[in-house]
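Asker: First, the structure itself, so that you have it in front of you.
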Amino acid sequence: MSGGTELRSTHLVRHPIELSFPQGPNGYLTSASEAIKKEYRSSIKWKRLRCRKVSPVQERGGEAIFVLEVGQSIEFDWTWEGSVAFRPDDIDSDVPDSNDPDDGAWSGEVVEVDEVNGRIFVWVNDPTNPPTTGSFYVRPFEFLAFLYSVYCDPANTELRQLLPERLNASQGGIHPPTAAPGQPSQPYLQGVWDHSWSVLWGPPGTGKTFSVGEQIATAIADPSERILIVSTTNKATDEAALSCGRALKRHGLDHALNGDIIRIGKSAHYEMFEQEGFLGLLKGTETELLHEVGVLTKELHRSTTHEEKAVIRQQIQSLRRQMKDASFNIFVSDEVHVVLATSFKAVTLLNDREIRDSIVDGDAPFTTIIIDEAGLISRATVAALSLLASRRVVLAGDPKQLAPISKVSRILPTTQATWLASSGLNHLRSFDKTHDAIHLLSEQHRMHPHISALVSAYQYDNKLLNGSTVSERESKAPQFVANQPRSVWYVLDEDGGDIASIRAERGPGNRSWCRPKTHEVLKKFLADESMRSAKGLFISPFVAQAREIRNYFAEENLENWSAATVHSQQGTEAEIVVFDTVNAGSCGWPYDEWKRLINVGMSRAKEFLLLLASRSEMREPYLKQLLLDLSPKIIKWSGNAYKFVDVQGDVKFEAPEEIANDPTLIGNQLEKRKQLRPVLSLEQQRLCDLKLDGKPRLVRGVAGSGKTVVLAHWLLKTMQRLKGFPDAKLWAVYANRSLQNLIRDTIEDAWRTEGNTEEFPYSRVEFCHIKDLLDMLLPQAGLRMRSFEFDYDAAAAAYLNRQSADYIPPACHAMFIDEAQDMGPNTLKLLSALVEQADGDDPNSRSVNIFYDNAQNLYGRSTPTWSDLGLDMRGRSTVMKESFRSTKPVTEFALNVLYRLQPPESDPDHKELINRGLIERVNRNDKDWWDVRFNRVDGPMPLFRKFTDLDQEFDAIGDQVVSWIQDDGVKPADICLIYNGKRVAYRIEQQVAPKLEAIGSRLVVQTGQNFLQDDFTVTVTTPQSFKGYDSEIVVIPGVDQFVARGVGVLAHSLYVAMTRARSILAVYGLKRNSIEEARILNTLQECYDQLIDHGDVAKEISSIDEFEDVLERVGSSHRTWLEKIWKDHWIEQEPLLAEDGEILAEPLFWFQDDQRTFVCFGNDKPGKSTQYRLEDAGIRIISAGESLD
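Quick note on numbering: numbering that gives the first Met the number 0 labels position 1155 of the sequence shown as 1154, and the sequence is numbered without any gaps.
Laid out in structure tokens, this is it:
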């Protein structure tokens, strides 16, 4: 499906290149080329699918469109429009033989996708040769092909020699003056126009595009100037063109609108130019066809079925292909003084042989290039675009808004990632004037002052000022919101209904995120006719949510309302903006990018901003600073209409005073215990203060020992060590999504503990879930994470089989791996390889910090041999020996249950716990019992109850939880129910939830994401999701269900669940006939009985306590000597008797070795008579430290 005919001019305009930038290192070009190559290869991979059924589209006009049912949820990583679907002649080959799909059995263009039902709509060239069932391939449109060509194609070798200096300039701080001064439109632009590399920094609404238009109106009179303006999207390019047209008209330069300035390309929005009388800006394009495209585009937005959309998209593409492309002629014509194009189109033309050769010869087609929305354009692209200018490169944009989008930059070495993930504005951090070539526009003309103040405080250090156009304009806000604060937080928790609906859920095809509750809110918000007719914009970071709401607007005939992602709306504005965070806890974007997303979302609003978020989301670090400036409200029916009502931004549980102040009740006791949390133990403090040398370290610790606290302090120390390297990246990696907030909050606490008052520098740290990392890494080896589900270690092993760890490029400077026992040895090996080796001669110079506890190994991963991972942990391993979470009764109960369900004899970590004296086998009531010595905190005995009826079990659970809350004043948020299996979760929701709702509390089942937490919510979750967390009270319902088919009893999962309890543990189970279920209940009962029944006489004596007591008497310097004796012999500490019962001596201890008896009196010396008696009996007296030989 080829495009329209290209018309080529024989004359090429030339401007001698006068730019003189300092030469950049050749390494810049090498790393940038490698980064572009990886990004390109990641974006163009063929995807093989299987068609189960083919049917023609029945819609009128759809004769050449076919529906291919692929029989599964579709998961693509590219933009659908423009993708090619085809079946090659040899379908059995690993990859298609030809890059030309027309050579295959059939081919066509993907015009629509139905992800929910697994359908692809394909428009074919030849309807008589339709698609067939069976396998076929889809290949994305190659958006990066031309940039890849600039950096990697041998044909551009000479052109690339010019890139190192441009790459150098793109990093900032290089602003040589122009060869000759130019004429700025305004005095404030003098510095920008007088430098060869300059920046026009334009926060939202400050008139950046207006300033560009004004400058064009001035510069167009200079015959020596020829200017290229590029922007990121067709929409943004249209806006820039219209701004130029308005400026020319304001200055009485209407004649220039008829050919002096032209917007090239086939995707200009015809109606926008027609409405403003600027069709002259489209001269050289086929305006009639553009008009038809515009009409069809509006129809596309109103369509509701996939069939309709497929037909309309096919018609749009068909019209565009009919257009003749005059872009080259306009691009190189000296009769056109200003050209506007998308950055994609400009890079495409840069690859033209004639233009390329001209640049290599020292001539460029333009004197000046203005790169609009430069914050969205990567440094590599900026450097390439700058080759088109001979005199001046102007970057117009805002580093506080959206950054460049890259698929692979997170896993690239920093030296490569900087060219993809950073823009030419990323170096701008301070708002204070740093150079004449950089001008900050600070007067905004878009947002209502209330909204402007919110945005200014959020991202711009309160530097934004309100222009007279804002303060003096007449408000166009609909009556429904006119008398409200102009920036409102809609507190979703208070809106009633199903609390789960405020949580994010996966979108169609298990991709992106949606929030069901949003539909209900919008229905109320848009019930008023004045709101329906207002110009409104719904905006969200997530594609699935934007698509859902777009369909909703189409169904409701809300033609004045549009819905889109944040990424597609930079540069736009609307009277009313609804910004839906959907899933603000997502780690899909790092902290800085989340702030940019929120900034862009809020700053689109002119008159009213409505932010939809839960209380839990508002606690995210990039949202919580808005809490003081947003008005918390919801919409309720009042009288005969919906109205805004005030609600509390935060709610606190308060028990009745007589209950809350009663020290005998559990609620009061728990509140006092929680106050003890912040104090670090001596062991924790020693580890936190440990001097780090940038080499591997291993921290093992029992549950609740504070490993995450040490992780946080070590991360801060490493950040301090690397502060001289601004591009250094630190990664915190985990396997449990709900851990992200816990890790981040712990780091923030450590940051404040060390006396820091400013905001934590999140730009230095990336929080990475291991699945997300593998999702990015595996395609490089031709693998997909989807094939391995949650078996991270198998996925890592497959990757390492294809890519040796020795050749994996580093992606970060230091890594901190929490709950590493869930990763597996292959995963840890792969992660270690991603850390930069600081010393090329020392393979053990990677800063890999691993935090590990094998007792919490939920997935049965094998224990690593650290040397196999390339890590030498000798002398670099620490065991944290004390638990600060649970009480001793809870911990002992959990440990003994674990060891009886899964005997630990083969576990090396268990042996080490014994050797370190952290646990000890004792005899309790004539049975073995493991005494826990790493926890000395006393507390109430756990509760264990068995039932024969399921309804009775869950009724009892509900009654107990209600009693804690009502009778004991326990905060609902201090209670957590930890379960295994969907059937248990269902029972909880059916039987326990109503009991809580009746007293004004609630429970929420939450797994696999950050927790929705407020004072009135009881959390219900799984051991996997709650790892790393704790709760004052833990209830384990349906404990008999801790089994899995093919696995058996889930002993480690049960241990994790039990050890989440800080103060109170309650376990409930149903007596069943299954062997495994009965084994769980019997084991719990046996251990419970032993726990609570010490017998009339406590017979067990701790050998560890006895050893320490003896050591104290002989002197600590003799520990090694005494340990050997203690280990090799049976030690007696009773008086030594003769055969007739006479007391021969009362030594400190005595033992036998090879039929000889040895006695030790410690530091005391026996009397002469005792010495003689022992000598006569053939008994040898030894001193502390004396050899037995």
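Just so you know, even glycine gets a beta-carbon here, dropped at the ideal spot from N, CA and C.
Remember, predicted model here, so these are calculated numbers, not experimental data.
1. Output the boundary residues of the beta strand (DSSP E) element that contains ARG391.
2. Hey, could you find the ends of the alpha helix (DSSP H) TYR1189 is sitting in?
3. Can you tell me which of the three DSSP states SER1116 falls into?
4. Near SER1052, which residues of its chain fall below 7 Å by C-beta distance, leaving aside the five closest residues on each side in sequence?
5. In the DSSP assignment, what residue or residues form a beta bridge with GLY1047?
6. Give, in chain order, every unbroken run of the beta strand (DSSP E) that is at least 3 residues long and sits entirely within the region 512 to 560.
7. Helix, strand or coil: which one does DSSP assign to SER1208?
8. From GLU111 to THR304, what does the alpha carbon distance come to, in whole angstroms?
9. For VAL650 versus ASP930, is the C-beta distance shorter than 8 Å?
10. By Cβ distance below 7 Å, which residues in the same chain neighbour SER1186 in space, the five residues on each side in sequence not counted?
11. Suppose you measure from the CA of GLY1184 to the CA of GLU765; what does that come to, to the nearest Å?
12. So, at 8 Å on beta carbons, what are the nonlocal neighbours of ASP1095 in its own chain, with the 5 sequence-adjacent residues on each side left out?
13. Note down the Cα distance separating ARG1155 from ALA1176, rounded to an integer number of angstroms.
14. Among TRP418, GLY396, GLU442, which one has its Cα closest to the Cα of LEU424?
15. Do you know whose CA, among ARG699, GLU238, LYS1026, lies nearest GLN683's CA?
16. Taking the straight line between their C-alpha atoms, what separation do you get for LEU894 and ASP1104?
17. Once you ignore the five residues that flank VAL454 on each side, which residues in its own chain have a CB closer than 6 Å to its CB?
18. From SER326 to THR341, what distance separates their C-alpha atoms?
19. How many Å lie between LEU1049 and CYS687 at the Cα?
20. Tell me the rounded alpha-carbon separation between PHE933 and GLN668.
21. Please name the residue in LEU773, PHE524, HIS712, ALA780 whose C-alpha comes closest to that of GLU753.
22. Given a threshold of 16 other Cβ atoms within 10 Å of its Cβ, counted over all protein chains shown, does ASP492 qualify as buried or as exposed?
23. Pick out whichever of GLN989, CYS1086, VAL1003, GLY823 has its Cα sitting closest to the Cα of LEU900.
24. Between which residues of its own chain and GLU616 is the CB-CB distance below 7 Å, once the five residues before and five after are set aside?
25. How many Å lie between SER876 and ASP906 at the Cα?
26. Taking just the CA atoms, how far does VAL834 sit from VAL847?
27. In three-state DSSP terms, what is MET940?
28. Where ILE215 and ALA154 are concerned, what is the direct C-alpha to C-alpha distance, given to the nearest angstrom?
29. With DSSP as the reference, label ILE64 as helix, strand or coil.
30. Excluding sequence positions up to five away, which residues of its chain have a Cβ less than 6 Å from the Cβ of GLU372?
31. Within its chain, find whatever has a CB closer than 6 Å to the CB of GLN458; leave out the 5 residues flanking it on each side and keep chain order.
32. Excluding the 5 residues flanking PRO183 on each side, which residues of the same chain have their C-beta closer than 6 Å to its C-beta?
33. Rounded to whole angstroms, what is the Cα-Cα separation between LYS1167 and ALA1060?
34. For ALA220, which of helix, strand or coil comes out of DSSP?
35. Note down, one range per segment and in chain order, each alpha helix (DSSP H) of at least 4 residues found wholly within the region 735 to 808.
36. So ASP726 is in the beta strand (DSSP E); what residue range does that whole segment cover?
Answerer: According to the structure data:
1. The residue you call residue 391 lines up with position 392 of the sequence shown. Segment 388 to 396, the beta strand (DSSP E) holding ARG391.
2. The first residue shown for the chain is 0 and the last is 1188, placing residue 1189 beyond what the model contains.
3. Mapped onto the sequence shown, residue 1116 falls at position 1117. If DSSP states are grouped into helix, strand and coil, SER1116 belongs with the helices.
4. Along the sequence shown, read from residue 1 onward, the residue named residue 1052 stands at position 1053. Contacts found: LEU857, ASN979, PRO1022, PHE1041.
5. Counting from one through the sequence shown, the residue named residue 1047 turns up at place 1048. For GLY1047, which the question treats as bridged, DSSP gives the partners ALA1043.
6. Qualifying beta strand (DSSP E) stretches, in chain order: 535 to 539.
7. With the chain running from 0 to 1188 in the structure shown, residue 1208 is simply not present.
8. Residue mapping note: residue 111 aligns to position 112 of the sequence shown, counting from 1. Residue mapping note: residue 304 aligns to position 305 of the sequence shown, counting from 1. Our two residues, GLU111 and THR304, have alpha carbons roughly 10 Å apart in a direct line.
9. If you number the sequence shown from 1, residue 650 lands on position 651. If you number the sequence shown from 1, residue 930 lands on position 931. Result no, Cβ atoms of VAL650 and ASP930 do not sit closer than 8 Å.
10. Reading the sequence shown from its first residue, position 1187 is the one you call residue 1186. Within the same chain, SER1186 has no close Cβ partners at all.
11. Within the sequence shown, numbered from 1, the residue matching residue 1184 stands at position 1185. Within the sequence shown, numbered from 1, the residue matching residue 765 stands at position 766. Pairing GLY1184 with GLU765, the inter-Cα distance amounts to about 53 Å.
12. The residue given as residue 1095 occupies position 1096 in the sequence shown. Any reading at ASP1095 is ruled out, since the residue's pLDDT is 49, under 50, leaving its predicted position unreliable.
13. In the sequence shown, residue 1155 corresponds to position 1156, counting from 1. In the sequence shown, residue 1176 corresponds to position 1177, counting from 1. Approximately 10 Å between the Cα atoms of the pair.
14. Along the sequence shown, read from residue 1 onward, the residue named residue 424 stands at position 425. Of the candidates TRP418, GLY396, GLU442, the one whose C-alpha sits nearest the C-alpha of LEU424 is GLY396.
15. Locating residue 683 in the sequence shown gives position 684, counting from the first residue. Ranking the options by Cα distance to GLN683, first place goes to ARG699.
16. For this step, residue 894 is matched to residue 895 along the sequence shown. For this step, residue 1104 is matched to residue 1105 along the sequence shown. When only Cα atoms are considered, LEU894 and ASP1104 end up about 20 Å apart.
17. As a first step, residue 454 must be located in the sequence shown, where it is residue number 455. Result list for VAL454: MET601, SER602, in chain order.
18. As a first step, residue 326 is located in the sequence shown; it is residue number 327 there, counting from the start. As a first step, residue 341 is located in the sequence shown; it is residue number 342 there, counting from the start. Distance between the alpha carbons of SER326 and THR341: 11 Å.
19. Against the sequence shown, residue 1049 aligns to sequence position 1050. Against the sequence shown, residue 687 aligns to sequence position 688. Cα atoms of LEU1049 and CYS687: separation of roughly 34 Å, rounded to the nearest angstrom.
20. Within the sequence shown, residue 933 is the residue found at index 934, counting from 1. Within the sequence shown, residue 668 is the residue found at index 669, counting from 1. Straight-line Cα distance between these residues: approximately 23 Å.
21. The residue given as residue 753 occupies position 754 in the sequence shown. When C-alpha distances from GLU753 are compared across LEU773, PHE524, HIS712, ALA780, the shortest belongs to HIS712.
22. Taking the sequence shown and counting its residues from 1, one reaches residue 492 at position 493. Label assigned to ASP492: buried.
23. The residue you call residue 900 lines up with position 901 of the sequence shown. Of the candidates GLN989, CYS1086, VAL1003, GLY823, the one whose C-alpha sits nearest the C-alpha of LEU900 is CYS1086.
24. The residue given as residue 616 occupies position 617 in the sequence shown. Excluding residues within five positions, the ones whose Cβ falls inside 7 Å are THR580, ALA583, GLY584, LEU622.
25. Here residue 876 refers to the residue found at position 877 of the sequence shown. Here residue 906 refers to the residue found at position 907 of the sequence shown. When the Cα atoms are used, SER876 and ASP906 turn out to be separated by approximately 17 Å.
26. Indexing the sequence shown from 1 puts residue 847 at position 848. Indexing the sequence shown from 1 puts residue 834 at position 835. VAL847 and VAL834: Cα-Cα distance of roughly 7 Å.
27. For the purposes of this step, residue 940 is taken as the residue at position 941 of the sequence shown. Note: MET940 maps to coil in three-state DSSP.
28. Within the sequence shown, numbered from 1, the residue matching residue 215 stands at position 216. Within the sequence shown, numbered from 1, the residue matching residue 154 stands at position 155. It is roughly 35 Å from the alpha-carbon of ILE215 to the alpha-carbon of ALA154.
29. Sequence index remark: in the sequence shown, residue 64 carries index 65 (1-based). Of the three classes helix, strand and coil, the one that applies to ILE64 here is strand, per DSSP.
30. Taking the first residue of the sequence shown as position 1, residue 372 is located at position 373. Counting only residues of its own chain and dropping the five nearest sequence neighbours on each side, GLU372 has a CB closer than 6 Å to the CB of SER230, THR231, ALA235, GLY396.
31. As a working note, residue 458 is residue 459 in the sequence shown. When the five nearest sequence neighbours on each side are left out, the beta carbons in the same chain lying within less than 6 Å of the beta carbon of GLN458 are those of LYS399, ASN598, in order along the chain.
32. Numbered from its first residue, the sequence shown carries residue 183 at position 184. Excluding the 5 residues flanking it on each side, PRO183 has same chain C-beta neighbours closer than 6 Å at GLN189, TRP192, in chain order.
33. Here residue 1167 refers to the residue found at position 1168 when the sequence shown is read from its first residue. Here residue 1060 refers to the residue found at position 1061 when the sequence shown is read from its first residue. Rounded to whole angstroms, LYS1167 to ALA1060 spans 59 Å at the Cα level.
34. Within the sequence shown, the letter at position 221 stands for residue 220. The answer is coil: DSSP assigns ALA220 none of H, G, I, E or B.
35. Runs found: 738 to 752, 769 to 776, 791 to 801.
36. Reading the sequence shown from its first residue, position 727 is the one you call residue 726. Unbroken run through ASP726: none, as it is neither H nor E.
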